[in-house]
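Numbering (numbering that gives the first Met the number 0) for the sequence shown: 0 to 465. Notes follow the structure.
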Amino acid sequence: MMKKWTFAFLYFINLISYSQALNGKLTKAISEMEADPQLRHAIIGLCVMDNKTGKLIYEHNAQTGLAPASTQKIFTSCAAFDLLGKDYKYTTEIGYYKQDVNSTQGYLIIKPSGDPSFGSSRFASTKPVLILQKIANAVRQKKAVTFSNAYRIIDTAFSNAVPGGWVWEDIGNYYGAGAQSLNWLENQYDIVLKSGKRVGDKVAVVETKPGSITNLADNVKSAAKGTGDNTIVYLDYGNSVSMIEGTIPVDENAYFVGASITDPPGIFAQQLSDKLKADGIEMNDDKSTHPQIIKSADPVFNYTELYTYFSPPLDSLNYWFLKKSINLYGEAFLKTMAFQKSGLGSTEKGVELLKDFWSQHGIEKSALNICDGSGLSPQNRVTADALVKALQYARTRSWFNSFYTALPEYNGMKMKSGSIGGARAYAGYHTAKDGNAYSFAIIINNYDGAPGDTIKKMFRLLDNLK
């Protein structure tokens, strides 16, 4: 008994000694960073906790709300695992409706549920060519009915496509695609550009993929080699034409720029019509240019099912949500949680639910001053302490392995990154060479100079945990 007590006492003393030594290293690292000219006007938030004991090892401005960028996805990811379940699947139902039961004429009905992976290229089962073929096969089997190409989409799951607080410079680009009831191709399309031979030459739009995106004005110029993609796609505001501006390098014959699709139901309907026609399935053409969106309870809800598509499970979707930081997935998760609880899949309801969820798990609501599920809004503010508490909570859950696997690796550490104008952040886990394991979060706002320089300084500080 005495030996066990002695061992425990010595372990406790060693733990305290090590924590004090690490605390001293982090204190010195923070002092050096704050004295750095590029960080003189910045705010640095840092929180480090011991995974074995759950005790705080070090904090600096850990209770100050800062712009977290994509590290905010940690809150959405964990809540989705708990509230929806790692095996949760989205459904997209395809059916038909006849106003007259004796008629041979009908409408195709599409009832989505907000699946962000519908038509994605990330999974074998979600590829658009496969989904369209399965729908075509189901339609072909209903030989007694001739369908109109004026589809009906039951759109009752989600409201507002783009969260309030997202800026105009973001929402036209691929990472700023909003989550709708029916998402398709991850609500992204490619603009293929051809630059000139000399700096300043006009850049031409060769094509868009898919090719049904037509209202696009081009104001892109050629820039020096190695300058990369400096384009911004602005969505239409007050007129029907979107605009792409900025620069790409000279001597590019097929330079791809990603942009957001604002009308995924329309693109999906057009590609489905093209597929049905290619497969020789007769359709009545009523010259409709867009599917009819049904928002309220209507007799058309009494449709006959033809085919139901199931998404990959949530843990598979979450893998890409964290690994590649796909904002669309976070906004879809947020709205889905709200829809499941309240029947209204809005961003506002989702944010309210998210704050309620974390307040039940030790995080004050005021520590999550947020307005979306992905961290894209520059108005978001969270604390480093809240991020670490969420990471600590995740470690106690049955789904933790799925969550941990999805975290990217930077600087030899498993952690989610975040980047937005003037803000860089990292939050994650690391086990040191001596076996001590940590949960940590570091956020820097309002730094000066190149982002790469700030990232290197953040990594040097985090090296103290190794």
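Beta carbons are placed, not taken as given, at the ideal position from N, Cα and C, and that holds for glycine. Since the structure is predicted, the reported quantities are computational estimates derived from the model, not experimental observations.
Can you round the beta-carbon distance between residue i and residue j to whole angstroms, since I take them to be within the 8 Å contact cut?
i, j, result
"GLY164", "ASP447", "About 25 Å separates the two Cβ atoms, so there is no contact after all."
"THR246", "LYS220", "5 Å"
"ASN410", "LEU461", "6 Å"
"PRO162", "SER376", "6 Å"
"LEU234", "GLY329", "Actually they are not in contact, since the Cβ atoms of LEU234 and GLY329 sit about 20 Å apart, beyond 8 Å."
"PRO311", "ILE266", "In fact, because the Cβ distance is near 21 Å, the residues do not count as touching under 8 Å."
"PHE434", "SER69", "In the sequence under discussion, the amino acid at residue 434 is Gly, which differs from the Phe named in the question. Not quite, the Cβ-Cβ distance comes to about 30 Å (not below 8 Å), so this is no contact."
"SER120", "ASN186", "About 13 Å; that fails the 8 Å criterion."
"LEU305", "TYR95", "6 Å"
"VAL205", "LEU192", "7 Å"
"ALA424", "ILE441", "7 Å"
"CYS77", "ALA61", "That belief does not hold up - the Cβ atoms of CYS77 and ALA61 are roughly 19 Å apart, past 8 Å."
"GLN263", "ASN159", "Going by the sequence as given, residue 263 is Pro instead of Gln. In fact, because the Cβ distance is near 15 Å, the residues do not count as touching under 8 Å."
"ASN368", "GLY64", "5 Å"
"ILE73", "ILE108", "Wrong, their Cβ atoms sit about 38 Å apart, outside the cutoff."
"LEU476", "ASN463", "With the chain covering 0 to 465 only, the question about residue 476 has no answer from this structure."
Along the chain, where does the alpha helix (DSSP H) containing residue i start, and where does it finish?
i, result
"THR75", "72-82"
"PHE458", "450-461"
"ALA135", "127-139"
"ALA268", "263-277"
Give every residue of the same chain whose Cβ lies closer than 7 Å to the Cβ of residue i, excluding the five residues on either side of it in the sequence, and list them in chain order.
i, result
"SER438", "MET48, ASN50, VAL387, LEU390, GLN391, TYR428"
"VAL198", "SER221, ALA222, ALA223, VAL249"
"LEU406", "LEU321, LYS413, MET414, LYS415, GLY427"
"LEU352", "MET336, ALA337, LYS340"
"LEU475", "Only positions 0 to 465 of the chain appear in the structure, and residue 475 is not among them; the question remains open."
"LYS334", "GLY113, PHE157, ALA178, GLY344, SER345, THR346, GLY349"
"ALA135", "LYS274, LEU275, ASP278, ILE280"
"GLU168", "ILE231"
"ILE212", "TYR188"
"GLY53", "GLN391"
"THR303", "GLY94, TYR95"
"ASN22", "ILE56, TYR57"
Per DSSP, residue i is paired with what?
i, result
"VAL232", "ILE243"
"LEU107", "TYR95"
"ASN444", "ILE42, ALA422"
"PRO36", "Partner(s): none; PRO36 has no beta bridge."
"THR430", "ALA436"
"GLN291", "ARG151"
"ASN283", "SER147"
"ASP49", "TYR437"
"PHE157", "GLY344"
"THR90", "PHE309"
"LEU65", "VAL381"
In chain order, what residues of the same chain have a beta carbon less than 8 Å from the beta carbon of residue i, not counting five sequence neighbours either side?
i, result
"ARG459", "ALA28"
"LEU38", "MET32, ILE443, TYR446, ASP447, THR453, LYS456"
"GLU401", "Note on identity: in this sequence residue 401 is Ser, with Glu being the wrong assignment. These residues qualify, in order along the chain: PHE80, LYS85, ASP314, ASN317, TYR318."
"MET282", "THR145, PHE146, SER147, ASN148, SER272, LEU275, LYS276"
"ALA137", "ILE93, LEU305, TYR306"
"PRO450", "SER418, ARG423"
"LYS133", "TYR306, TYR308"
Among residues of its own chain, excluding the 5 on either side of residue i, which ones have a beta-carbon nearer than 6 Å to its beta-carbon?
i, result
"LEU83", "LEU313"
"PRO127", "GLY118"
"ALA156", "SER112, GLY113, SER180, PHE338, GLY344"
"ALA436", "ASN50, THR430"
"LYS201", "none"
"GLN468", "Nothing in the structure corresponds to residue 468, since the chain is present only between 0 and 465."
"ASP384", "CYS46, ALA61, GLN62"
"ALA216", "VAL240, MET242"
"LEU9", "Unreliable placement is indicated for LEU9, whose pLDDT of 46 sits below 50; no coordinate value is reported for it."
"ILE362", "ALA385, LYS388"
"ASP284", "ASN148"
Which residue marks the beginning of the beta strand (DSSP E) containing residue i, and which one marks its end?
i, result
"GLY257", "254-259"
"GLU251", "Per DSSP, GLU251 belongs to no beta strand (DSSP E) and is neither H nor E."
"LEU55", "55-59"
My parser needs the alpha helix (DSSP H) runs of 4 or more residues fully inside the stretch 339-418; what are they? Segments of the alpha helix (DSSP H) lying fully in the stretch 339-418: 346-358, 383-393, 399-405.
Taking only runs of the beta strand (DSSP E) that begin and end inside the stretch 294-340, which ones reach a length of at least 3 residues, in chain order? Listed in chain order, they are 303-309.
In chain order, which continuous runs of the beta strand (DSSP E) of length 3 or greater are located wholly inside the stretch 160-227? 187-193, 203-208, 215-222
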